[in-house]
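Q:
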Amino acid sequence: MLKSKTFVKKTRSGGIMKIVREHYLRDDIWCGSEVCTECKQEESVLQKDACIESNLCSFPHYLLPDTNVVLSQIDILEDPLIKNAIILQTVLQEVRHRSAPIYKRLKDILHDKEKHFYTFTNEHHRETYIEREQGESANDRNDRAIRISTKWYSDHLNNKGLKVVLLTNDRGNKEKAEEAGLYSDIIVHRLLAVAIGADSTYPDLMDKHKQSALCNNLNYRHKMAQYAQRASVAFHTQLFFKSRGILNEEGFILFVRKNAIIVLIPKFGLEGTVFFQNKDKPSPKLIFNEEAPSLTVEGHSFNMFDKVKVTISLDASNVQHQKIRMSLVEPVISGVSVAPSEPEAKRAKLDR
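Going by my numbering, the sequence shown opens with residue 1, and the numbers climb by one from there.
Here you go:
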């Protein structure tokens, strides 16, 4: 079955271009369950005896998490005890667009055969594909697609003794699912119920040593993510200024220290430090007032939010530890300020 979407697009030159996008729908996409005899599947992923101990879901069932559950509960989904889950193509695409690290972790789970996680391409199945309605947001359309796929699975496996449980963190999505006759569960409420003894789960999930190891792993990942974020910002900042030579920019003083001022450059959203003590030069006379706070350099006082002009350059003297350097241009202080650099275009003309 073929569906097409046609729309017009205005080009940069002012012309009008007609675009036709084709979307192919099939009716031979497998459900992935061992109990199914209707789908002509070569290999099944979801097991027959899919049971997870729970007072809320005491019957055999498959889990079908929505996007928010995957994004916020990926550590729970990675646990070896969580098996037999259906990951929709809609969910996979949303996770990919919103978080590359979690997308990679989800792909690793899908490749782990012992987890029995199955990817269902609902966006190309004739009975589960839906089009976005007029006035409907992309997020609401995706939530509706998840509910439609859950409904299809429930009907498809209705006579096989298995149910499909939609896991969601969205109460509105849960209520709409229940109105459609689906069994839905707010995973946060389930974990809370286990914690207060109102529900049960695998003993290993409540083991204090296992929970401690899980928390340590979460803290470690969080710390490493922060380090990676800072290193990424520093690296791309250095790449940005590497080909631009020395720039003259205006900024504002954010903080005053005993021997330096920290300057914000609004044009680039960059913070840098201007030091007034240098090993290669005699130190100027510095007076630091901690109460103000202010720093007086050779009779000139620097206060927070004062406007200054600085040069920005990349110090590549140490390849492994390259740094962004800032030097004071204005106000002009003898022996402290540096001369403003010439623009690259003007310098090229003077060299000719």
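Beta carbons: idealized from backbone N, C-alpha and C, even for Gly.
All values derive from a computational prediction rather than experimental measurement.
DSSP beta-bridge partners for Thr-311?
A: Taking the first residue of the sequence shown as position 1, residue 311 is located at position 311. Partner(s): Asn-248 and Ser-327.
Q: Candidates Ala-316, Asp-170 and Tyr-118: which alpha carbon is nearest Tyr-62's?
A: What you label residue 62 is simply residue 62 of the sequence shown in a count that begins at 1. Of the listed residues, the one whose Cα sits closest to Tyr-62 is Tyr-118.
Q: Could you work out which residue in Asp-306, Ser-327, Glu-249 and Pro-331 is closest to Phe-275 when comparing CA atoms only?
A: As a position in the sequence shown, residue 275 is number 275, starting the count at 1. Checked all of Asp-306, Ser-327, Glu-249 and Pro-331; the closest Cα to Phe-275 is Ser-327.
Q: Beta-carbon within less than 6 Å of Thr-237's beta-carbon, same chain only, minus the 5 sequence neighbours each way: which residues are those?
A: Translated into the one-based positions of the sequence shown, residue 237 becomes position 237. Excluding sequence neighbours, Thr-237 sits near nothing in its chain.
Q: With a cut-off of 8 Å on the beta carbons, I'd call Ile-262 and Leu-254 a contact; round off their distance for me.
A: The residue labelled residue 262 in the question sits at position 262 within the sequence shown. The residue labelled residue 254 in the question sits at position 254 within the sequence shown. Right, the Cβ-Cβ distance comes to about 5 Å (below 8 Å), so this counts as a contact.
Q: Please classify Arg-98: is it buried, with 16 or more other beta-carbons within 10 angstroms of its beta-carbon, or exposed?
A: Mapped onto the sequence shown, residue 98 falls at position 98. Classification of Arg-98: exposed, given that the 10 Å Cβ count is below 16.
Q: Is it right to say Arg-147 is buried, meaning 16 or more other beta carbons lie within 10 angstroms of its own, or is it exposed?
A: In the sequence shown, the residue the question calls residue 147 occupies position 147. Counting Cβ neighbours within 10 Å, Arg-147 comes out buried, since at least 16 surround it.
Q: Name, in chain order, the residues that DSSP records as bridge partners for Ser-33.
A: Here residue 33 refers to the residue found at position 33 when the sequence shown is read from its first residue. In DSSP, Ser-33 forms a bridge with Leu-46.
Q: Within 10 angstroms of its Cβ, does Asn-68 collect 16 or more other Cβ (buried), or is it exposed?
A: Residue numbering aside, residue 68 sits at position 68 when the sequence shown is read from its first letter. Answer is buried; the Cβ neighbour count reaches 16.
Q: Spatial neighbours of Leu-218 within its chain, please: CB distance less than 7 Å, with the 5 preceding and 5 following residues excluded, ordered by chain position.
A: Position 218 of the sequence shown holds residue 218. Excluding positions up to five away in sequence, the list reads Asp-75.
Q: Would you identify the three-state DSSP class for Asn-182, choosing helix, strand or coil?
A: In the sequence shown, residue 182 corresponds to position 182, counting from 1. The question names Asn, yet the displayed sequence has Leu at residue 182. Note: Leu-182 maps to coil in three-state DSSP.
Q: Buried or exposed: where does Ser-137 fall if 16 or more other Cβ atoms within 10 Å of its Cβ makes it buried?
A: On the sequence shown, residue 137 is found 137 positions in, with the first residue counted as 1. Looking at its Cβ environment, which holds fewer than 16 other Cβ atoms inside 10 Å, Ser-137 is exposed.
Q: In three-state DSSP terms, what is Ala-316?
A: Here the question's residue 316 lines up with position 316 in the sequence shown. Three-state result, Ala-316: coil.
Q: State the CB to CB distance for the pair Val-256 and Ser-294, rounded to an integer number of angstroms; the pair is presumed to be in contact (CB under 8 Å).
A: The count along the sequence shown starts at 1 and reaches residue 256 at position 256. The count along the sequence shown starts at 1 and reaches residue 294 at position 294. With 8 Å as the limit, Val-256 and Ser-294 qualify as a contact, their Cβ atoms being about 6 Å apart.
Q: By the 10 Å Cβ neighbour count, where 16 or more other Cβ atoms means buried, how is Gln-320 classified, buried or exposed?
A: Residue mapping note: residue 320 aligns to position 320 of the sequence shown, counting from 1. Gln-320 should be labelled exposed.
Q: Using C-beta distances below 6 Å, list every residue in its chain close to Lys-5, excluding the 5 sequence neighbours before and after it, in chain order.
A: If you number the sequence shown from 1, residue 5 lands on position 5. Around Lys-5: Arg-21.
Q: Please identify the residue among His-23, Ala-177 and Phe-288 whose C-alpha is closest to the C-alpha of Ser-154.
A: In the sequence shown, residue 154 corresponds to position 154, counting from 1. Nearest C-alpha to Ser-154: Ala-177.
Q: How would you write the range of the beta strand (DSSP E) that Met-17 sits in, first residue to last?
A: Taking the first residue of the sequence shown as 1, we reach residue 17 at position 17. Unbroken beta strand (DSSP E) run through Met-17: 16-24.
Q: With distances taken Cα to Cα, identify the nearest neighbour of Asn-159 among Pro-101, Arg-144, Phe-268 and Lys-48.
A: By 1-based counting over the sequence shown, the position of residue 159 is 159. Considering only alpha carbons, the answer is Lys-48.
Q: Identify the residues that DSSP records as bridge partners of Leu-254: which are they?
A: For the purposes of this step, residue 254 is taken as the residue at position 254 of the sequence shown. Paired residues: none, contrary to the question.
Q: Using CA atoms only, rank isn't needed, just tell me which of Glu-249, Ala-292, Phe-120 and Glu-94 is closest to Gly-272.
A: On the sequence shown, residue 272 is found 272 positions in, with the first residue counted as 1. Nearest C-alpha to Gly-272: Glu-249.
Q: Let me make sure I understand the geometry here. Which of Glu-114, Pro-340 and Ser-58 has the alpha-carbon closest to that of Ser-44?
A: As a position in the sequence shown, residue 44 is number 44, starting the count at 1. Ranking the options by Cα distance to Ser-44, first place goes to Glu-114.
Q: Can Ile-87 and Leu-110 be called in contact, C-beta distance under 9 Å?
A: The sequence position of residue 87 within the sequence shown is 87, counting from 1. The sequence position of residue 110 within the sequence shown is 110, counting from 1. A contact, by the Cβ cut-off of 9 Å.
Q: Taking all protein chains shown into account, do 16 or more other C-beta atoms lie within 10 angstroms of the C-beta of Gln-89, making it buried, or fewer, making it exposed?
A: For the purposes of this step, residue 89 is taken as the residue at position 89 of the sequence shown. Buried: at least 16 other Cβ atoms inside 10 Å.
Q: In chain order, what residues of the same chain have a beta carbon less than 7 Å from the beta carbon of Ile-333, not counting five sequence neighbours either side?
A: Along the sequence shown, one-based indexing puts residue 333 at 333. Counting only Cβ-Cβ distances below 7 Å, and skipping sequence neighbours, we find Val-297, Glu-298 and His-300.
Q: Kindly indicate which three-state DSSP category Ser-232 falls into: helix, strand or coil?
A: Against the sequence shown, residue 232 aligns to sequence position 232. The answer is helix: DSSP assigns Ser-232 an H, G or I state.
Q: Hey, could you find the ends of the beta strand (DSSP E) Ala-260 is sitting in?
A: Here residue 260 is taken as the residue at index 260 of the sequence shown, counted from 1. Taken as a continuous stretch (DSSP letters only), the beta strand (DSSP E) holding Ala-260 covers 260-265.
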